[in-house]
Amino acid sequence: MKSIRQYVPQRTCVACREVKDKRELTRLVRIANGSVEVDSSGKKIGRGAYLCRAQECWQTGLQGNRLEHALRTTLTQDNRKQLIKQVEDLLCLGRS
Ligand SMILES: [Zn+2]
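Here it is as structure tokens:
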């Protein structure tokens, strides 16, 4: 398929399933030891999944198993807590 529009990579949020421009989403990556981290550069090697920069999507993604399913891994409690902390920093939550 050809398009005259400039190609913008699109990705699907694993929580709400909306398709958005890649740059509007935050990438999570499963690193070699099976744990998951926020990939703020978007360039880390590993299996990736994307979430909107919206609190609801992170809650859905982290509390359910959607993120784990997408990344084919199991999050430990520590890893989950670490991700929640990282995303709070990213979304500037919990600072009011
Ligand atoms: Zn979403």
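So that you can map any letter, position 63 of the sequence shown is 62 in numbering that gives the first Met the number 0, and since no number is skipped, the others follow by simple counting.
Using N, Cα and C, we set each Cβ at its ideal position, and we do this for glycine too.
Computed from a predicted structure; not experimentally measured.
- Taking 6 angstroms as the cut-off, one finds at least one heavy atom of ligand 1 near enough to the beta carbon of Ala14.
- Beta-bridge partners assigned by DSSP to Gln9: Asp20.
- Cys15 and Cys91 have their C-alpha atoms spaced approximately 21 angstroms apart.
- For ligand 1, no non-hydrogen atom lies closer than 6 angstroms to the CB of Cys91.
- Ranked by Cα distance from Leu82, the first of Ala69, Gln62, His68 is Gln62.
- Minimum Cα-Cα distance from Ser39 among the listed residues Leu66, Ala31, Arg22 corresponds to Arg22.
- Under a 10 Å Cβ-count criterion, Ala48 is classified as buried, with 16 or more other Cβ atoms of the shown protein chains found around its own Cβ.
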